[in-house]
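K.L.:
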Amino acid sequence: MSQPPAAPYPPPARGSRPARVLLTVVAVVLALCGGGTAVAWYALRDEVVEVVEATGTRVVAPETLAGRPKVTDPELQRLADQAVGQMRSTVRDGNSTVAGFYGDPDTGDLVMVAATAGLLADPERELDRSVEGLATDLGVATVAPVEPGPLGGAARCGDGRAQGLPLGVCVWADRGSLGLVVLFDAAGADARAEFVTIRGQVERRD
Numbered sequence: 057m058s059q060p061p062a063a064p065y066p067p068p069a070r071g072s073r074p075a076r077v078l079l080t081v082v083a084v085v086l087a088l089c090g091g092g093t094a095v096a097w098y099a100l101r102d103e104v105v106e107v108v109e110a111t112g113t114r115v116v117a118p119e120t121l122a123g124r125p126k127v128t129d130p131e132l133q134r135l136a137d138q139a140v141g142q143m144r145s146t147v148r149d150g151n152s153t154v155a156g157f158y159g160d161p162d163t164g165d166l167v168m169v170a171a172t173a174g175l176l177a178d179p180e181r182e183l184d185r186s187v188e189g190l191a192t193d194l195g196v197a198t199v200a201p202v203e204p205g206p207l208g209g210a211a212r213c214g215d216g217r218a219q220g221l222p223l224g225v226c227v228w229a230d231r232g233s234l235g236l237v238v239l240f241d242a243a244g245a246d247a248r249a250e251f252v253t254i255r256g257q258v259e260r261r262d
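The following block contains the structure:
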């Protein structure tokens, strides 16, 4: 008699931190894949300087992110790819996409990043749409503008919650990219404190 396929993870003890984190990861990905954070991307025909700058923007997956190692587990990577899929499906003139988890799921120190580079006509409008979607999908509240860092554009951070676990969430948009950062078992203030560092390690401008 054939045996059923093995589960991608051994079942963690009920109520354990790894179990909560993994359940929250799945909940976050399912919410993001629902389309609430989808954005409209457009090819630009004018504003030549900004267009040139935007086309020189790309996103990369660093080996470490704010001191955290990249999680290489194939199941978590599959979930990350699903999370960025909605962004990828709406990109025009896109040149790169990044999605991944960094940190240690066992300790709860986990960060998810999802970003896409391409031409964005109205970053502020798409940032508004993203924040509205996050409020619906992940209960992100107390959202406030934050310093976007030397790469410019606009950014906002806030507090979210999924599966009872607090989330620190930041989103940014500029002429050449849109990205999302989620810190698990953390507050919006924690995400805000690390945002510029994380974005600077993911977004590149030629």
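57 is the number of the first residue of the sequence shown in this note's numbering; add one for each residue after it. We put the CB at the ideal spot given by N, CA and C, even for glycine. Computed from a predicted model, the values in this text were never measured in an experiment.
Under the DSSP definition of a beta bridge, which residues are partnered with residue 201?
P.N.:
Within the sequence shown, numbered from 1, the residue matching residue 201 stands at position 145. In the DSSP output, where bridge partners are listed per residue, residue 201 has 212.
K.L.:
Locate the beta strand (DSSP E) running through residue 171, then write down its first and last residues.
P.N.:
The residue given as residue 171 occupies position 115 in the sequence shown. That run of the beta strand (DSSP E) goes 165-173.
K.L.:
Do residue 187 and residue 217 count as a contact pair if the criterion is CB distance below 7 Å?
P.N.:
As a working note, residue 217 is residue 161 in the sequence shown. As a working note, residue 187 is residue 131 in the sequence shown. Contact: no.
K.L.:
Going by beta carbon distance, what residues of the same chain come within less than 8 Å of residue 101, once the five residues before and after it are set aside?
P.N.:
The residue you call residue 101 lines up with position 45 of the sequence shown. A caution first: residue 101 carries a pLDDT of 41, below 50, which makes its placement in the model too unreliable to give a value.
K.L.:
The ligand SAM heavy atoms versus the CB of residue 117: any closer than 6 Å?
P.N.:
Here there are no bound small molecules, and the ligand SAM is not part of this structure.
K.L.:
Of the choices 156, 172 and 248, whose alpha-carbon is the least far from that of residue 234?
P.N.:
Your numbering for residue 234 matches position 178 in the sequence shown. Among 156, 172 and 248, the Cα nearest to that of residue 234 belongs to 172.
K.L.:
Under three-state DSSP, which class holds residue 231?
P.N.:
To locate residue 231, count along the sequence shown from 1; it is residue 175. Note: residue 231 maps to coil in three-state DSSP.
K.L.:
Should residue 210 and residue 176 be called a contact, given that it needs their Cβ atoms to be closer than 7 Å?
P.N.:
Position 154 of the sequence shown, counted from the start, is the residue given in the question as residue 210. Position 120 of the sequence shown, counted from the start, is the residue given in the question as residue 176. No, these two residues do not count as a Cβ contact at 7 Å.
K.L.:
Quick check: residue 122 and residue 250, are their CB atoms within less than 7 Å of each other?
P.N.:
Working through the sequence shown from its first residue, we reach residue 122 at position 66. Working through the sequence shown from its first residue, we reach residue 250 at position 194. Yes. Within cutoff.
K.L.:
Assuming contact is defined by CB atoms lying nearer than 7 Å, are residue 112 and residue 262 in contact in what I supplied?
P.N.:
Position 56 of the sequence shown, counting from 1, holds the residue named residue 112. Position 206 of the sequence shown, counting from 1, holds the residue named residue 262. Their beta carbons are under 7 Å apart, which means residue 112 touches residue 262 by this criterion.
K.L.:
Grab the span of the alpha helix (DSSP H) containing residue 191 for me, first residue to last.
P.N.:
Taking the first residue of the sequence shown as position 1, residue 191 is located at position 135. Residue 191 -> alpha helix (DSSP H) spans 179-194.
K.L.:
Would you identify the three-state DSSP class for residue 119, choosing helix, strand or coil?
P.N.:
Here residue 119 is taken as the residue at index 63 of the sequence shown, counted from 1. Coil at residue 119, not helix or strand.
K.L.:
Apply the 10 Å Cβ neighbour rule to residue 220 and answer buried if 16 or more other Cβ atoms are within range, or exposed otherwise.
P.N.:
For the purposes of this step, residue 220 is taken as residue 164 along the sequence shown, with counting starting at 1. Its Cβ having fewer than 16 others within 10 Å, residue 220 is exposed.
K.L.:
From which residue to which residue does the beta strand (DSSP E) around residue 244 run?
P.N.:
For this step, residue 244 is matched to residue 188 along the sequence shown. Looking at the DSSP string, residue 244 is not in any beta strand (DSSP E); the run it does join, the alpha helix (DSSP H), is 244-258.
K.L.:
Would you mind giving the Cβ-Cβ distance between residue 214 and residue 198, rounded to the nearest angstrom? I have them listed as a contact below 8 Å.
P.N.:
Against the sequence shown, residue 214 aligns to sequence position 158. Against the sequence shown, residue 198 aligns to sequence position 142. The pair is a contact, with the Cβ atoms about 5 Å apart (cut-off 8 Å).
K.L.:
Using C-beta distances below 6 Å, list every residue in its chain close to residue 132, excluding the 5 sequence neighbours before and after it, in chain order.
P.N.:
As a first step, residue 132 must be located in the sequence shown, where it is residue number 76. Excluding residues within five positions, the ones whose Cβ falls inside 6 Å are 157.
K.L.:
Among 119, 258 and 135, which one has its Cα closest to the Cα of residue 228?
P.N.:
Counted from its first residue, the sequence shown places residue 228 at position 172. Comparing Cα positions, the closest option is 258.
K.L.:
Out of curiosity, what's the CA-to-CA distance linking residue 243 and residue 179?
P.N.:
For this step, residue 243 is matched to residue 187 along the sequence shown. For this step, residue 179 is matched to residue 123 along the sequence shown. Residue 243 and residue 179: Cα-Cα distance of roughly 25 Å.
K.L.:
Residue 241 to residue 260, Cα distance in whole Å?
P.N.:
Working through the sequence shown from its first residue, we reach residue 241 at position 185. Working through the sequence shown from its first residue, we reach residue 260 at position 204. Their Cα atoms are separated by approximately 28 Å.
K.L.:
What residues in its chain sit with their C-beta under 7 Å from that of residue 247, if we drop five residues either side in the sequence?
P.N.:
For this step, residue 247 is matched to residue 191 along the sequence shown. So the qualifying residues of the chain are 213, 224, 225, 226, 237 and 239.
K.L.:
How close, in whole Å, do the beta carbons of residue 255 and residue 205 come, if the pair is a contact with beta carbons under 8 Å?
P.N.:
Locating residue 255 in the sequence shown gives position 199, where the first residue counts as 1. Locating residue 205 in the sequence shown gives position 149, where the first residue counts as 1. Between residue 205 and residue 255 the Cβ distance is about 6 Å, and since that is below 8 Å, they are a contact.
K.L.:
In the DSSP output, what is residue 125 paired with across the bridge?
P.N.:
Sequence index remark: in the sequence shown, residue 125 carries index 69 (1-based). Beta-bridge pairing links residue 125 to 120.
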